[in-house]
Amino acid sequence: MKFDPNQHLHLGYYENNVDLEAVAYKIQNENKWVVFLDNEQDTTLVQKILDQYDYHEKYGYKIFTIDADDLSYEVGSKLLEEWLKTNNII
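Numbering of the sequence shown is given in my numbering, commencing with residue 2 and proceeding in unit increments.
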């Protein structure tokens with residue numbers, strides 16, 4: 002999996018006393034984005050589920066993928082919110 006060096010997007014969820022950020026990287030020559038949760042932030046809220054996800058030293062925890070050619074902050078952040086709800090984080 003090789004990422005496009007020119008395309009990444011910072012996503013965030015900042016409601017209900019939660020401040021959580023993720024970064025989506027576009028896979029080179031594919032209409033797919035991979036979303037990683039950066040473990041350099043406070044991950045206490047999601048710590049109980051992180052062992053279910055693959056950890057990549059450079060990017061953090063791979064939490065989900067998005068099939069799209071282009072990705073907006075609004076769409077990506079909404080998908081991050083849905084992931085948090087699905088995992089009973091919020």
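Where is the CB? At the ideal position from N, CA and C, for every residue including glycine.
This one's a predicted model, so the numbers in the text were calculated from it and none came from an experiment.
Going by DSSP, T66 is part of the beta strand (DSSP E) stretching over G61 to D68. DSSP places E82 in the helix class (H, G or I) of the three-state scheme.
Y56 sits exposed, since fewer than 16 C-beta atoms from the chains shown fall within 10 Å of its C-beta.
If you look at D5, you'll find it in the beta strand (DSSP E) that goes F4 to Y14.
Using a Cβ distance threshold of 9 Å, H9 and E22 do not count as a contacting pair. Between the stretch 36-47 and the stretch 14-28, the count of C-beta pairs closer than 8 Å reaches three or more; the two stretches touch.
Our two residues, E16 and S73, have alpha carbons roughly 19 Å apart in a direct line. According to the DSSP assignment, E31 belongs to no beta strand (DSSP E), since it is labelled neither H nor E.
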